[in-house]
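Okay, structure first, notes after.
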Amino acid sequence: MLAALQNARPETAIVLGSGLGAVAEAFGIECEVPYDQVPGLSASTVPGHAGRFVLGRQNGKPILLAQGRRHLYEGLTAHEVTASIRFMHEIGVRRVVLTNAAGAIHDSFHVGGLMLITDHLNLQGTTPLLGGPHFHDMSEVYSLTLRERLLVAAREQHLTLHQGVYAALLGPQYETPAEIRMLRTLGADAVGMSTVPEAIQARALGMEVAGISMLTNWAAGLKAQTLHHAEVVEVGKAASADLAKLLKAAL
Numbered sequence: 134m135l136a137a138l139q140n141a142r143p144e145t146a147i148v149l150g151s152g153l154g155a156v157a158e159a160f161g162i163e164c165e166v167p168y169d170q171v172p173g174l175s176a177s178t179v180p181g182h183a184g185r186f187v188l189g190r191q192n193g194k195p196i197l198l199a200q201g202r203r204h205l206y207e208g209l210t211a212h213e214v215t216a217s218i219r220f221m222h223e224i225g226v227r228r229v230v231l232t233n234a235a236g237a238i239h240d241s242f243h244v245g246g247l248m249l250i251t252d253h254l255n256l257q258g259t260t261p262l263l264g265g266p267h268f269h270d271m272s273e274v275y276s277l278t279l280r281e282r283l284l285v286a287a288r289e290q291h292l293t294l295h296q297g298v299y300a301a302l303l304g305p306q307y308e309t310p311a312e313i314r315m316l317r318t319l320g321a322d323a324v325g326m327s328t329v330p331e332a333i334q335a336r337a338l339g340m341e342v343a344g345i346s347m348l349t350n351w352a353a354g355l356k357a358q359t360l361h362h363a364e365v366v367e368v369g370k371a372a373s374a375d376l377a378k379l380l381k382a383a384l
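Converting from the sequence shown to the numbering used here requires adding 133 to each position, the first position being numbered 1.
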């Protein structure tokens, strides 16, 4: 099955975050390869992350979908977390859409909605480029061309697609209300614990990157609530249909 992925030479890949794994079914599933069967990768330990690559198709072209990801808070380095991006690049992927589950910070957003990532704040204290003078330009991490394509697709599908800045923190604990107030001051519109290392690694390899956050909850202190990962996964599953519709229209 690994050979089938490699031989397909997909140029586009989609990374599916917490609770979003069902999006892969919209593209059809030709074969599946667990991460731990790929040299250099390992299975995710987080609920809601299946931990496998799926080969699908859109308009006859192969699409690689990653159901789940590894996270820094699992005790991994940024280099280990981004092994899947390097594997994608090795087999021919040149553009990647990174999705995640995130907490909404911006007042005009809504839980269950989608946010197109325009930029990010790397507050995780690390980078996959550690180890040398890898001075890659990050002035446009998230491709303007891909963002425009996704916005057009959202309008065509009558979907609301917010736009904003994604802040990545280490986790695994959720943020405090004081931290959310800090993030709002810094210009963050949504917050999560992933995506940024992958975006940095992909751009360093010359890949086009797009990012979409599924807003699964309000960030701490904005509403009367207690945050639970199980609820994040459930909201992600419920909203997967909208994300699948958007991605199929855009790609």
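Backbone N, C-alpha and C fix where the C-beta goes; we use that ideal spot for every residue, glycine too.
From the DSSP secondary-structure annotation, give me the bridge partner or partners of Asn255.
Mapped onto the sequence shown, residue 255 falls at position 122. DSSP, once it has assigned bridges, lists Ala301 as partnering Asn255.
- Task: Tell me, to the nearest whole angstrom, how far the beta carbon of His204 is from that of Met315; I am working on the premise that it is less than 8 Å.
- Result: Translated into the one-based positions of the sequence shown, residue 204 becomes position 71. Translated into the one-based positions of the sequence shown, residue 315 becomes position 182. Between Met315 and His204 the Cβ distance is about 22 Å, and since that is not below 8 Å, they are no contact.
**Message:** Extract the residue ranges of the beta strand (DSSP E) inside the region 332–359, only unbroken runs of 3 or more that lie entirely within it.
**Reply:** The beta strand (DSSP E) runs lying completely inside the region 332–359 and spanning 3 residues or more are 341–351, given in chain order.
Practice task
Classify His222 as helix, strand or coil using the three-state DSSP reduction.
Solution key: The sequence position of residue 222 within the sequence shown is 89, counting from 1. Of the three classes helix, strand and coil, the one that applies to His222 here is helix, per DSSP.
Please confirm whether Ala343 and His269 have their CB atoms less than 8 Å apart. On the sequence shown, position 210 is the one that residue 343 refers to. On the sequence shown, position 136 is the one that residue 269 refers to. Contact: no.
Using a threshold of 7 Å, is the CB atom of Arg336 nearer than that to any non-hydrogen atom of the ligand ADP? The ligand ADP is absent from the structure shown, which contains no ligands of any kind.
* Cα separation between Asn255 and Ala383? -> Along the sequence shown, read from residue 1 onward, the residue named residue 255 stands at position 122. Along the sequence shown, read from residue 1 onward, the residue named residue 383 stands at position 250. Cα to Cα, Asn255 sits roughly 27 Å from Ala383.
Practice task
Report yes if the CB atom of Val230 is closer than 8 Å to the CB atom of Ile218, and no otherwise.
Solution key: Here residue 230 refers to the residue found at position 97 of the sequence shown. Here residue 218 refers to the residue found at position 85 of the sequence shown. Not in contact: Val230 and Ile218 (Cβ atoms no closer than 8 Å).
Check: Given a threshold of 16 other Cβ atoms within 10 Å of its Cβ, counted over all protein chains shown, does His253 qualify as buried or as exposed?
Finding: Counting from one through the sequence shown, the residue named residue 253 turns up at place 120. When all chains shown are included, His253 counts as buried.
>> Excluding the 5 residues flanking Thr259 on each side, which residues of the same chain have their C-beta closer than 8 Å to its C-beta?
In response: As a first step, residue 259 must be located in the sequence shown, where it is residue number 126. Around Thr259, the same chain offers Leu205, Thr210, Ala211, Pro330 as residues with beta carbons nearer than 8 Å, after the five sequence neighbours per side are excluded.
### Message
Give the list of continuous beta strand (DSSP E) stretches no shorter than 3 residues that lie fully inside the region 161–240.
### Response
Within the region 161–240, the complete beta strand (DSSP E) runs of at least 3 residues fall at 164–167, 185–191, 194–200, 228–237.
Note to self: Tell me the DSSP secondary structure of Gly325 in three-state form.
What the structure shows: For the purposes of this step, residue 325 is identified with residue 192 of the sequence shown, where counting begins at 1. Residue state, collapsed to three classes: strand.
Q) How is the alpha helix (DSSP H) around Thr278 delimited, first residue to last? A) Along the sequence shown, read from residue 1 onward, the residue named residue 278 stands at position 145. 277–289 is the extent of the alpha helix (DSSP H) around Thr278.
* To do: Would you list the one or two residues that DSSP bridges to Ile147?
  => Stepping through the sequence shown from its first residue, residue 147 is reached at position 14. DSSP links Ile147 through a beta bridge to Leu198, Val230.
Please state whether DSSP places Leu380 in a helix, a strand or coil.
Within the sequence shown, residue 380 is the residue found at index 247, counting from 1. Here Leu380 sits in helix by DSSP.
*Expressed to the nearest angstrom, what Euclidean distance is found between the alpha-carbon atoms of Gly161 and Gly152?*
What you label residue 161 is simply residue 28 of the sequence shown in a count that begins at 1. What you label residue 152 is simply residue 19 of the sequence shown in a count that begins at 1. Separation of Gly161 and Gly152 (C-alpha to C-alpha, rounded to the nearest whole angstrom) is 18 Å.
| Helix or strand or just coil, what does DSSP make of Leu249? | Counting from one through the sequence shown, the residue named residue 249 turns up at place 116. If DSSP states are grouped into helix, strand and coil, Leu249 belongs with the strands.
ask   = The alpha helix (DSSP H) with Ala137 in it runs from where to where?
value = Position 4 of the sequence shown, counted from the start, is the residue given in the question as residue 137. Ala137 -> alpha helix (DSSP H) spans 135–141.
### Query
Helix, strand or coil for Leu420 per DSSP?
Since the displayed the chain opens at 134 and closes at 384, residue 420 lies outside it and no answer follows.
Val156 in three-state terms, based on DSSP:
Within the sequence shown, the letter at position 23 stands for residue 156. In this structure, Val156 counts as helix in the three-state DSSP scheme.
According to the neighbour-count rule (16 or more other Cβ atoms, all chains shown, within 10 Å of its Cβ), is Val274 buried or exposed? Here residue 274 corresponds to residue number 141 of the sequence shown, with the count starting at 1. Buried.
### Query
Are the beta-carbon atoms belonging to Gly320 and Asn233 less than 8 Å from one another?
Counting from 1 along the sequence shown, the entry for residue 320 is found at position 187. Counting from 1 along the sequence shown, the entry for residue 233 is found at position 100. Against a cut-off of 8 Å, the Cβ pair of Asn233 and Gly320 comes out as no contact.
Which residues mark the beginning and the end of the alpha helix (DSSP H) in which Thr318 is found? Along the sequence shown, one-based indexing puts residue 318 at 185. Unbroken alpha helix (DSSP H) run through Thr318: 310–319.
### Message
According to DSSP, is Val274 part of a helix, a strand, or is it coil?
### Response
On the sequence shown, position 141 is the one that residue 274 refers to. DSSP places Val274 in coil when its eight states are reduced to three.
Go ahead and label Ala301 buried or exposed: buried means 16 or more other beta carbons lie within 10 angstroms of its beta carbon, across all protein chains shown. For the purposes of this step, residue 301 is taken as the residue at position 168 of the sequence shown. So Ala301 ends up on the buried side.
What whole-angstrom Cβ distance do Ala157 and Gly189 have, given they're in contact under 8 Å?
The residue labelled residue 157 in the question sits at position 24 within the sequence shown. The residue labelled residue 189 in the question sits at position 56 within the sequence shown. With a Cβ gap of about 6 Å, Ala157 and Gly189 count as contacting.
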